[in-house]
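**Q** So that you can map any letter, position 319 of the sequence shown is 319 in my numbering, and since no number is skipped, the others follow by simple counting.
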Amino acid sequence: MMSAVEPQSPASGEKAAEPGQSQDGEDPQQTKPQRSAAFLNQLKRVLRLGRQSSSLRENLEDELAREGGDAAFSPEERMLLGNILRLRELRVDDVMIPRADIDAVDLDTSLSRVMELFQKSGHSRMPVYEETLDDPRGMVHIKDLMAFIAERGASRRPATAVENAADATELQPGSHNGAARNGHNQPDLDLSCVDLSVTLEETDLVRNLLFVPPSMPATDLMTKMKADRIQMALVIDEYGGTDGLVSLEDLVEEVVGDIEDEHDEDEEAMLVADGEGVWIADPRLPLEDLDTVLGTRLTGGEISEDVDTLGGLLYVTVGRVPVRGELLFVPEEVPGFEFEVLDADPRRIKRLKIRRRRTEVRPQELRRRTKRPEPAAQGDAKQDPEVPSAKVAASGGNG
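(1) What residue does the beta strand (DSSP E) around V114 start on, and which one ends it?
(2) With a CB to CB cut of under 8 Å and the five nearest residues on each side skipped, what residues in its chain are close to S215?
(3) Give me the Cα-Cα distance between L314 and V114, rounded to the nearest whole angstrom.
(4) With C-beta atoms as the reference, is V318 less than 8 Å away from P346?
(5) Which residues mark the beginning and the end of the beta strand (DSSP E) in which T132 is found?
(6) Tell me which same chain residues have a C-beta within less than 6 Å of the C-beta of F329, skipping the five on either side of it?
(7) Grab me the residues of L64's own chain with a C-beta within less than 7 Å of its C-beta, minus the 5 sequence neighbours each way, in chain order.
(8) Given a cut-off of 8 Å, decide if E333 and R355 are closer than it, judged by their beta-carbon atoms.
(9) Just list the alpha helix (DSSP H) runs in the segment 265-345, keeping only unbroken ones of 4 residues or longer that don't cross its boundaries, in chain order.
(10) Compare the C-alpha of E249 against each of G241, D243, D258 and name the closest.
(11) Can you tell me which of the three DSSP states M225 falls into?
(12) Report the start-end ranges of each beta strand (DSSP E) in the segment 53-105 that is 3 residues or longer and not cut off at the edges.
(13) Go ahead and label T132 buried or exposed: buried means 16 or more other beta carbons lie within 10 angstroms of its beta carbon, across all protein chains shown.
(14) Does DSSP classify L196 as helix, strand or coil?
(15) Helix, strand or coil: how does DSSP classify S124 here?
(16) Which two residues bound the contiguous beta strand (DSSP E) that contains L209?
(17) Could you name the residues of the same chain whose beta carbon sits closer than 7 Å to that of I142, not counting the 5 residues immediately before and after it, in chain order?
(18) Select from G312, T292, V316, S110 the residue whose C-alpha is nearest the C-alpha of K350.
(19) Within the same chain, show all residues whose beta-carbon is closer than 6 Å to that of R152, passing over the 5 residues directly before and after it, in chain order.
(20) Please classify R357: does DSSP put it in a helix, a strand, or coil?
(21) How far does the beta strand (DSSP E) with D243 in it extend, from its first residue to its last?
(22) How long is the line joining the alpha carbons of S110 and S247, rounded to whole angstroms?
(23) Taking just the CA atoms, how far does A154 sit from V272?
(24) Between which two residues does the beta strand (DSSP E) containing M232 stretch?
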């Protein structure tokens, strides 16, 4: 005789299934795709992926854009954090110094001339090249140059009696004679024996520098500079030529702004008013600043994809390097203005004058569009300024 099977109670510690759920806790009314979606959502929450983490940057940008008393960051903090967020979007060619503005020294330059170039430029490092900047050999640091001169001057300095005694007998700690080892009571360096006519090629002052492509992200270059302990990089184009120069200071200034020390001089303004409707401009003037002053819309247009500065705009328009005294027009991008080249060399424009034109139509265009008046009746004919006087007289006689 078969006995009835009694329902088993759940084991201790196990929760009984609620009505409408299976023994493993799943809702039998859910479809398979619904259960898969619920599992993925749970997995994303565990791994902290998905919408929450991807919107963290957007939330921070929104918070930085908030102004007023309820803002979580001060204006200075917003500026710094905003620059950090934008840093990953910058490439090397966005922050580099263009080739035309690079201060460099030839490998065959004497040390005295190198000192003059350091004094004139105010830099602590300069790239070294052979014959042209397209053949770079490294860089020279002013600290290495000063150390080189000091070592040569010290090697010819006569030893004093105190130094000789210090070499023969070990000085006691705390002795007053210890000042001799610290440089006190020593004669000055004998710089007259230092030969400054030797060239950089004859010394070991040239250090290595980095070579990077223009498309390299700025953050990657900063990481490489820190790892290699080299704070200067030359930007090399696809043909192997030098395109620009980047230093670690240039990258840091993208975050904290311009860094000026006690030796930096105030730079001249890129755009200075020189009367009503007249400006003196540096060709390196960004297109954004030109839009602000002239009311143009160069930024965001097609031309801004190819050039970033006023000089670049003129190069693209003319197709060559303009010469001094040349008068240029950009009727499509900058209508109503003319550009006069005040100073230039065979490689670049140095200074420009921007002038608002009184009329946007040239005189020859006015004459071209002027229609001749209809033939007038006899006795009322007037001389047409566009028709020679002899022809006018002949037509009047035939009437």
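Glycine is no exception: its CB is placed at the ideal position from the N, C-alpha and C atoms.
**A** Straight from the coordinates:
(1) In the sequence shown, the residue the question calls residue 114 occupies position 114. Unbroken run through V114 is the alpha helix (DSSP H), 111-121; no beta strand (DSSP E).
(2) As a position in the sequence shown, residue 215 is number 215, starting the count at 1. Hits under 8 Å: R91, V92, D93.
(3) Here residue 314 refers to the residue found at position 314 when the sequence shown is read from its first residue. Here residue 114 refers to the residue found at position 114 when the sequence shown is read from its first residue. Their Cα atoms are separated by approximately 35 Å.
(4) Locating residue 318 in the sequence shown gives position 318, counting from the first residue. Locating residue 346 in the sequence shown gives position 346, counting from the first residue. No, the pair does not count as a contact, with Cβ atoms beyond the cut-off.
(5) Residue 132 sits at position 132 when you count from the first residue of the sequence shown. Its beta strand (DSSP E) spans residues 132-141.
(6) Indexing the sequence shown from 1 puts residue 329 at position 329. Result list for F329: E338, in chain order.
(7) For the purposes of this step, residue 64 is taken as the residue at position 64 of the sequence shown. The residues are F73, R78, L81, G82.
(8) The sequence position of residue 355 within the sequence shown is 355, counting from 1. The sequence position of residue 333 within the sequence shown is 333, counting from 1. No, these two residues do not count as a Cβ contact at 8 Å.
(9) The alpha helix (DSSP H) runs lying completely inside the segment 265-345 and spanning 4 residues or more are 287-294, 310-318, given in chain order.
(10) For the purposes of this step, residue 249 is taken as the residue at position 249 of the sequence shown. Of G241, D243, D258, the residue nearest in Cα terms is D258.
(11) As a first step, residue 225 must be located in the sequence shown, where it is residue number 225. For M225, the three-state secondary structure derived from DSSP is helix.
(12) Counting whole runs of 3 or more residues, the segment 53-105 contains no beta strand (DSSP E) stretch at all.
(13) As a first step, residue 132 is located in the sequence shown; it is residue number 132 there, counting from the start. Answer is exposed; the Cβ neighbour count stays below 16.
(14) Looking up residue 196 in the sequence shown gives position 196. If DSSP states are grouped into helix, strand and coil, L196 belongs with coil.
(15) Along the sequence shown, one-based indexing puts residue 124 at 124. Three-state result, S124: coil.
(16) Start at 1 with the first residue of the sequence shown, and residue 209 comes out as number 209. Looking at the DSSP string, L209 is not in any beta strand (DSSP E), and its letter there is neither H nor E.
(17) Walking along the sequence shown from the start, residue 142 turns up at place 142. Counting only Cβ-Cβ distances below 7 Å, and skipping sequence neighbours, we find F118, S124.
(18) Counting from 1 along the sequence shown, the entry for residue 350 is found at position 350. That would be G312, whose Cα lies nearest to the Cα of K350.
(19) Translated into the one-based positions of the sequence shown, residue 152 becomes position 152. The residues are V194.
(20) Position 357 of the sequence shown, counted from the start, is the residue given in the question as residue 357. In the three-state DSSP reduction, R357 falls in the coil class, being neither helix nor strand.
(21) Walking along the sequence shown from the start, residue 243 turns up at place 243. Segment 242-247, the beta strand (DSSP E) holding D243.
(22) As a working note, residue 110 is residue 110 in the sequence shown. As a working note, residue 247 is residue 247 in the sequence shown. Rounded to whole angstroms, S110 to S247 spans 25 Å at the Cα level.
(23) The residue given as residue 272 occupies position 272 in the sequence shown. The residue given as residue 154 occupies position 154 in the sequence shown. So the two alpha carbons sit approximately 51 Å from each other.
(24) Against the sequence shown, residue 232 aligns to sequence position 232. Per DSSP, M232 belongs to the beta strand (DSSP E) from 232-236.
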